[in-house]
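K.L.:
Let me give you the structure first, and then I'll get to my questions.
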Amino acid sequence: KDRYVHANNSAYDTLDPHTVRDVARVASRLNFYDGLYRWVDNPPQLIPWLAKDHTVSEDGKTWTFNLRDDVTFHDGTKMTAKDVVYSFERMLGLKKGAGSLFLPMIDPGNTVAVDDYTVAFTLKEPSAIFAALVPDILVVNSALVAANTKDDDMGQGYLIDHVAGSGSYMLQRYDPARGFIGERFAEHFAGWGEKYLDEIEFRTVLETNTRIQGLMRGDYQGLDGYLAPDQVERLREDPNVQILEEESMRVFHFAVHNGRAPMDDKNFRMVLTHAFDYDGYINEIMKGTVARNPTIVPGNLWGAPKVPGYTFDLAKAKEYLDAYKAEHGEEIRTLKIGTLAGFSETEQAAALMQNGLAQLGINVEIESSPWPVINSNMQNPETMPDMVPYWKSTYYADPNNWIGEQYGSRYAPTRNVSDYHNAEVDAMLEKALIITDQAERAKLYEEATTQVYNDAAGVWIYNTKWYGPYASKLKNVRFCPVGNGQDMRWAYIED
Amino acid sequence: MTETPILSVSDLTVRFPIRGPFARKLGEIRALDGVSFDLAQGEILGLVGESGCGKSTLGKTLMGIQAPNSGSILFEGTEIAGRTPREARALRRRLQYAYQDPGASLDPRWKIGKSLEEPLIIHTDLPRRERLEKVREILSAVGLPAGHADLFPHEISGGQQRRVGLARILMLNPEVVILDEPTAGLDVSVQATVLRLFRELRDTFDLTYIFISHDLSVVRLMCHRVAVMYLGRIVEMGPVEELMEHPKHPYTQSLLAAIPRVNGPRVTENFWLEGEPADAAKLPPGCRFQGRCPHVQPICRQEDPPDRMVGARSVACHFAGDVFPPKPSTKEVQNA
Amino acid sequence: MADALLTVEGLSLGFRGDGGFAHILDGANMTVRGGEIMGLVGESGCGKTTLARAILGVLPRHSLEIRGGRIDFGGVDMLSPDSAEAQESVRGRRVTFIPQDPFTSLNPVFTIGQQIDELMKWKSPRRAAGSSRAPALLTPYPRARRRIDREKVMEMLNLVQLPRPDQLLRKYPHEVSGGQRQRLMIAMALLPEPDLIIADEPTTALDVTIQAQILGLLRKLASDRDVAVILTTHDLGSAYEICDRITVMYAGQDVEAAPVAEFFNRPTHPYTAKLLASLPEGGGGMTGIPGELPSFYAPPPGCRFQTRCERATEGCRTRPPANVAGPGHVVRCVHPLFETAAPVQKEAQG
Amino acid sequence: MRRLEIILSRLVWFIPTLFGLVFVVFFISNVIPTDPARIIAGENATESQVVALRAEMGLDQPLHIQFGRYVADLATGDLGKSLYTQRAISDDLLHRLPATLELTIAAMIIAIGLGVPLGVISAVKRNSLIDQVLRLLSVSGLAVASFWLAMELQMYFSTRLGWTPLNGRIAGWGPEDITGFYVLDSVLTGDWASLWDAMHHMLLPAITLALPAAATLVRFTRAGVLEVINSNFVLYERAMGMPSAVIIWKYVLRNALISTVTQIGLIFGTLFAGAVVVEAVFDWPGLGTYAVQSILQSDTRAILGFSIIVGVVFIGVNLLVDILHTFIDPRTLK
Amino acid sequence: MTALKRLLADRAATLGAAIILGLILVAILAPWLAPYPEDVNSFHLTNRLQPPSAEHLFGTDRMGSDVFSRILFGARITISIAVIAVGVSVAIGVPIGLLAGYYGGFPGGFLMRTSDVFLAVPQIVLAIAIAQTLGPSVENVILALSLTYWPFWARLVYAETKSLKAQTFVEAAQALGASDFRVMVLHILPNTASAIIVRTSIGMGATILTAAALGFLGLGAPPPTPEWGRTISEAREFLPEAWWYAAAPGLAIFLVVMGFNLLGDGLRDILDPKLRKGN
Ligand SMILES: Nc1ncnc2c1ncn2[C@@H]1O[C@H](COP(=O)(O)OP(=O)(O)OP(=O)(O)O)[C@@H](O)[C@H]1O
Ligand SMILES: Nc1ncnc2c1ncn2[C@@H]1O[C@H](COP(=O)(O)OP(=O)(O)OP(=O)(O)O)[C@@H](O)[C@H]1O
Ligand SMILES: [Mg+2]
Ligand SMILES: [Mg+2]
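Chains as they are written, first to last, in the working numbering: chain A, 1 to 495; chain B, 496 to 831; chain C, 832 to 1181; chain D, 1182 to 1515; chain E, 1516 to 1794.
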């Protein structure tokens, strides 16, 4: 029996596919559940999954999906349109995870089962990104969930540690403190290749160092993909370990508070963009494992403009600073950078920025907080620190995920945390959201992004490469930035 | 002793509750149970009794350190029981208590001189120079070299500590001093010098003493009158010689018989008293000596005997004057 | 005259501490014969307890320094570490101990019965000689012997007039009164059927009436069983009560030893006389002995009383020999109050 | 009965102390700068969703009303839901409790087995070389930061030498779950391989945890023995010629243990607390790891729950110690 | 004077005192002692994670800074955390314990119950709860430690006061007519001093350990503060290769805590007459 043990850097505290939508807990969603479509490969590609195909109505509002008729859930029940409707309404009802992404586009009650194998969604207005979100419509076994619903909780109590899905693996054991074990679901509709993993175990191992040691010792066959370059380097030297390398879409940048002095002045923001040692950071701290990304949009995605990128140039920064001072006076208050506790790259980036600004006579304080704290602070312009270095990951492979969400007024203040408002940019972003022609959309995004770049609305640093550390024996890991390489149905072990 | 007594105590009662968990009262110790006596100016009243019979409690209650449950204490005609702290403080200057353990009554971190100075700081406005002057005077009065002012309590001997304890009290020119077991734990040779000191100080400073002791022979040497306590009560009181020669209470009788006396008859061989004092928390009804008394009668188990005057003596026994110690054994002690 | 049971000869020892060497015992001598009650008297701090503990071998080892002398109990050298095993079998069996403070000398967390059993397990007279080689903690207490021992214990508890002994055995020490505890200690001292009991101020913690009971009991039991007793006390009255002979110590030296009557009526050493006079009943009840004890760190050479003695001369600067002042009465003084003679040869060996 | 009364009077204190604890921790944790509703609502929630959720959770109520609700829930054993995972905190904590208890008990056993005898030896051989060495070691044991020691031990014994497992409680999924204590469960089910594996995994974390505790015990036992060894009853026992092994290991130790037992109660608490960092290093799936995770996720409610459960265990253990005291020290019943 | 002499006579205590003196000197003189004082805030990214060498005694860290220099500067943080937190705890705990012990009764009981509550949870747990609530910073660590540590002193002083209050010399002072304030401040407090000093010395060590643990958990000072606990947690990522990175601050903590403990032990022997007699 072939087993795969994966060491994850955070806990699988819930198996409910509809309440969370983060990369940390993607493995349970991908391996236990199926969506209407599925993202695969890199660059990400949508392939039909539970749905065979779909059509969009003339007005662009009604999306009709034709479902497969050979899908069974783990308990043997056949999957029908009813399950899809139930699942989607559940997502909207829970307002968590992907549900809250759909809520602005579609109201509850607008999803209907046309027949047993046809589902229709009627949106409030045409949406260019609905398609990108379709893989998030993970279908649960409605009968099973309904049977286990207590006090109108929509089965939350049940699904938190049970699986009611049709996915490639069936839940065998689960312990929120340790992780889960999945057993291959032989009757999966997509069938299985020649070789496959009989059992997958996803285990929580919080310590990076322990994960690495465990992989080298053979305790684990795969790790959570984000490793510091020093660690990647170390793993490379181990003969039992292979490092898969992929282009990724995870842009590391400083979100800068554009609404607060002194950053409300473009000259000062220019100071910031020129005060960061991009090369030092990328070449030394990241050991060259990442690529410079001059804007918020990943360079390997369509819609990214060709701009040179700002450089570390204190002389230039000084000029901008002088210009700023000529207008606003000598005095510059101490700036505050919020970092993510436990994510040393953010700390090191902050320290580097602090160092650069210190040489210009600007004082910076660093405050490190856990992600939930800083995240909730960022969502309020009052409490948003002056700068926050963090990553913008791929939730769906569309430029809107980056430029739209980070700098469009529609997303302020929840995801546009920079308090950046530019009517021109907004107009372009809004237009790109409702038209479906990719070429035209690409142009709009390039323009909008260039505008934001010229405004120096943030300090954009790099686009992550993905390094997948796996046991050498593990083959055929199909990496996709959306699933982070954790869709295990394709992989197998070769002795 | 016809003049009004300097101190007059009547029916003084002190009880200590015994508390268990939840502060529940489990019982009480009758440390003082209706104690009455008068003290004349210049008199030395001895107070004897077994350990735990309430001698110190009586002393401390007179002092005002311990509040009585009931009863009155007249000091020169004024009631001092239940005074406000301020008034009590004024009175305390003239009524002082010398602790049983003089070493422990001195702050271990203070030099002798500083401890002696303290009463003056509290009660007078004397400038420092005069205070130091008084300290020197008093040290020589109790027979200590002035250099001792710079020593710590643990650096001097027990006898010297006792002198310091006295000196500290004398700083306030008291009239009545309660000496609590002033010779306990001292060797006979040291004891003798300490006793002489008390005598001398009494003459010099015109003091009245209450002399608490469990050593009858010392009491006999020092006191005019003696009160014998047993489990919180004065069971016999009277002039010292008379009481010692002809004890009337069976307890006094046995107490006297228990003391080994050099060249006297050997008492231990046929000492008649059996058992130990009853638990102060569980006194039986009736006489508190009933459990050990060789003359016990039914009435003793029912009624607590009142104080009876037999001659110059008050005795708390139903049969005072009628009972005598068992005859000492005829077996003569071999003497040289 | 019976042969000496215990002989202490020229015992000289002290403790090394922060302040230097405290020379506590300086050539101390004592002889106890079988069945006699020997009073060891002297003022507080003169070394009574130290001498008693030296015999019992329980002086604090780390600071102790023995400078010379000898303790002999029935042929066993009680001082030399070489005869540790012989000492072990003497202690608790042939020599037992009654402590000063019955309140703290019993182990508070074991019942009285457990403690007596443990004692009898090791020190019962019925225990076969030549102890087993098993580690002490694993040594069993044979059932048969335990039964007999238990009977003897009950007998003894009755003898010391402890009421309801069976209940008493189940009690913890804090549950019985001081007088009863001291009776218990007497019983425990007698149970191993020893030849000598060392009682270190057994009544100072007790009241006079109880003291009278205890002293009487001790005297009676000791003479009934022909057990010798060393009774240390600073209460001359108690010593007078029950002792056959008395040894007086001053500052770590024995100064005079005499039969009890001689002692009180014909004190020959100036110190003894002054001590007796200091008693409240004595003539000097308010005089005492002027001066203070010499420091143990720098004692004067020779007789240590010389600093307070008005008869002292140059000759006192060497330790006087034991002169005979009467039958069984020896004095170490250059200027005795009564005439003394140099000892005859035999006495010196005694 | 006296003992019952003492136990009851201690139990009566349990409730107000616990209440006070909840009070303190609750109010402290509500100074928090985060908005729980926002965390629960998730990144994609709109402002109105957050407001609605806040109302639903009662977070718009004044603090004292929130506190009242919390206490009322607590009385039914409900510690609320984790802000981050939405799981019932009480379930999470109870689920992890056996892991931590198993580790702390193992550490306790090591600490007692090491600390008490060494303390006795150190006292008996006072001022000797062995005493000096033991004293130095015990001072060192208290000076080491346990998280650092854990890291260094792990680095050396697991990474470099490979003698011990790297992390976790067991290699596989463990024995059948009966009590949640792997050692116990493997014995109950006769799963000897798991027993061995579980103990092997426990070795390093338990030792790390036990070291400071053992050091404390050495010190307290030494002091206790020294105090007792100079007492009159030991003098008496020695004068009566009792074998010294019996005196030391039976009479003296039993008395010295009276104060040591109190220490053991306190130490258990510190072990529990020490588990926070040691578990984090060894990825031990217990309360400590949970606490660290909750810290990283700023899951106030979970930390509140964690503090309360540690408080309960700690107070409970001390209660137990008090009760034990009435057995080993008869004087308490006086 | 004599106490100092006795202290110097105790080898362990002298060592402890020397270590602490050294620590204080290092903290004060850090800018002069450190080979690369500027490395606290500046980086040499090309020089990252160098093993110990002549130039870098303890090697370099993830930003290429000199670990040794940062450790020296870390002493300042450690010292100020310990001194302030313990100082505040003493300032709160001692008066409370004194008043509660002296007056007893309901207020005394209440104060002690309050401290019971704080003692009911291991200190680090409470400190974690507080520090994580307030957010990570040195000030908050100090606040958390002070809030959780004062009961130790309150307890200690309470117990001492209660037993001293029962002592004859206190009663004697009262009997002489001394006011409560006088008795408390002049008689009782000085007699609790040695217990407080001993507890404080050992408390410093414990505080440093707790503060380091908080730093390790990410609840302490923000980067790039050279606080020792956080340095160790930074270093974890680079183990086992960069062993020096974690070893140096770990040893520093060990040494300092050891210093306080040794001193505390020594002081206990010297100042506590009860134990002195026992030895
Ligand atoms: N503060 C107190 N609380 C409770 N009980 C007390 C207190 N003070 C004294 N007692 C009890 O009151 C009784 C009398 O005590 P007191 O100290 O007066 O006796 P005493 O005659 O002086 O004894 P001793 O000769 O031992 O000094 C004793 O049983 C004692 O235990
Ligand atoms: N372990 C020791 N170290 C140093 N000095 C000691 C030690 N034990 C006793 N001493 C000193 O030896 C002297 C004699 O003490 P010992 O206890 O033998 O006297 P004692 O005659 O029994 O006195 P008491 O009548 O007070 O019991 C005292 O001055 C005492 O301080
Ligand atoms: Mg008294
Ligand atoms: Mg003695």
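For each residue, glycine too, the CB sits at the ideal point set by N, CA and C.
Treat the numbers as computed from the prediction; the structure is a model and nothing was measured.
Look at the alpha carbon of A1179(C) and the alpha carbon of S914(C), and state the distance between them as a whole number of angstroms.
P.N.:
Note on A1179(C): pLDDT 42, under 50, position unreliable in the model; the coordinate value appears next. When rounded, the distance between both Cα atoms is 26 Å.
K.L.:
Would you call the stretch 598-613 of chain B and the stretch 680-691 of chain B touching, i.e. three or more CB-CB distances under 8 Å?
P.N.:
Output reads no: the stretch 680-691 of chain B does not touch the stretch 598-613 of chain B.
K.L.:
Return the CA-CA distance between K520(B) and V1494(D), expressed in angstroms with no decimal places.
P.N.:
Computed Cα separation, rounded: 32 Å.
K.L.:
Helix or strand or just coil, what does DSSP make of P1167(C)?
P.N.:
P1167(C) falls in the coil class under three-state DSSP.
K.L.:
Is the CB of F1684(E) under 7 Å away from at least one CB in chain B?
P.N.:
Answer yes: the Cβ-Cβ gap between F1684(E) and chain B drops below 7 Å somewhere.
K.L.:
So, does the CB of L646(B) fall closer than 7 Å to a CB anywhere in chain C?
P.N.:
No, no contact with chain C.
K.L.:
Quick check: R1135(C) and A1082(C), are their CB atoms within less than 7 Å of each other?
P.N.:
Taking 7 Å as the Cβ cut-off, R1135(C) and A1082(C) qualify as a contacting pair.
K.L.:
Using 10 angstroms around the beta-carbon of P1705(E), count the other beta-carbons present and answer buried if the total reaches 16, otherwise exposed.
P.N.:
Looking at its Cβ environment, which holds fewer than 16 other Cβ atoms inside 10 Å, P1705(E) is exposed.
K.L.:
Taking 6 Å as the cut-off, is the CB of K879(C) close to at least one heavy atom of ligand 4?
P.N.:
Yes - ligand 4 has a heavy atom lying nearer than 6 Å to the Cβ of K879(C).
K.L.:
List the residues of chain E whose Cβ lies closer than 9 Å to the Cβ of G280(A), in chain order.
P.N.:
Residues of chain E passing the Cβ test: F1558, L1560, T1561.
K.L.:
Buried or exposed, going by whether 16 or more other CB atoms sit within 10 Å of the CB of Y1128(C)?
P.N.:
Flag for Y1128(C) reads exposed.
K.L.:
Straight-line CA distance for E1024(C) to R925(C)?
P.N.:
Distance between the alpha carbons of E1024(C) and R925(C): 7 Å.
K.L.:
Please confirm if E245(A) has its CB atom under 7 Å from at least one CB of chain E.
P.N.:
It does not: the Cβ of E245(A) has no partner Cβ on chain E nearer than 7 Å.
K.L.:
Locate the alpha helix (DSSP H) running through A1710(E), then write down its first and last residues.
P.N.:
Counting along the chain, the alpha helix (DSSP H) containing A1710(E) begins and ends at 1704-1731.
K.L.:
Residues of chain B with a CB under 7 Å from the CB of L1691(E): which are they?
P.N.:
What L1691(E) touches in chain B: E613, P614, I617.
K.L.:
Report the option in F312(A), T339(A), E284(A), T149(A) whose CA atom is closest to the CA atom of L1561(E).
P.N.:
According to the sequence shown, residue 1561(E) is Thr rather than Leu. Looking at the Cα atoms, E284(A) is the closest of the given residues.
K.L.:
Do E183(A) and Q172(A) have their C-beta atoms within less than 7 Å of each other?
P.N.:
Going by C-beta atoms, E183(A) is nearer than 7 Å to Q172(A).
K.L.:
Output, in chain order, the set of chain A residues within a Cβ distance shorter than 8 Å of L1347(D).
P.N.:
What L1347(D) touches in chain A: T210, Q213, G214, R217, D219.
K.L.:
How many whole angstroms separate the CB atoms of Y86(A) and S142(A), which I take to be in contact at a CB cut-off of 8 Å?
P.N.:
The pair is a contact, with the Cβ atoms about 4 Å apart (cut-off 8 Å).
K.L.:
Is L1315(D) closer than 7 Å to S1303(D) when the C-beta atoms are compared?
P.N.:
Cβ distance < 7 Å, so S1303(D) and L1315(D) count as in contact.
K.L.:
Could you tell me the distance, in whole angstroms, from the CA atom of C548(B) to the CA atom of I1484(D)?
P.N.:
Near 58 Å, if we compare the C-alpha coordinates of I1484(D) and C548(B).
K.L.:
Grab the span of the alpha helix (DSSP H) containing N1348(D) for me, first residue to last.
P.N.:
From DSSP, N1348(D) is part of no alpha helix (DSSP H); its letter is neither H nor E.
K.L.:
Take Y320(A) and list the residues in its own chain whose beta-carbon comes closer than 6 Å to its own, dropping the five residues that flank it on each side.
P.N.:
Excluding positions up to five away in sequence, the list reads N267, M270, V271.
K.L.:
Got a sec, what are the start and stop residues for the beta strand (DSSP E) F254(A) sits in?
P.N.:
That run of the beta strand (DSSP E) goes 241-256.
K.L.:
Do you know how far the Cα of L433(A) is from the Cα of Y310(A)?
P.N.:
Looking at the two C-alpha atoms, the distance is approximately 28 Å.
K.L.:
According to DSSP, is N860(C) helix, strand or coil?
P.N.:
Three-state result, N860(C): strand.
K.L.:
Report the residue from F784(B), G638(B), E650(B) whose alpha carbon sits nearest the alpha carbon of F693(B).
P.N.:
Residue G638(B) is the option with its Cα nearest to F693(B).
K.L.:
For the beta strand (DSSP E) that Q1011(C) lies in, which residues bound it at each end?
P.N.:
Q1011(C) -> not in any beta strand (DSSP E); alpha helix (DSSP H) instead, spanning 1009-1021.
K.L.:
Any chance the CB of F511(B) is under 6 Å from a heavy atom of ligand 1?
P.N.:
Answer for F511(B): yes, Cβ within range of ligand 1.
K.L.:
Could you work out which residues of chain D lie near L206(A), taking near to mean beta carbons separated by less than 8 Å?
P.N.:
Under the 8 Å cutoff, chain D gives A1461, D1464, T1470, V1473, Q1474.
K.L.:
My parser needs the alpha helix (DSSP H) runs of 4 or more residues fully inside the stretch 1603-1641 of chain E; what are they?
P.N.:
Qualifying alpha helix (DSSP H) stretches, in chain order: 1620-1634.
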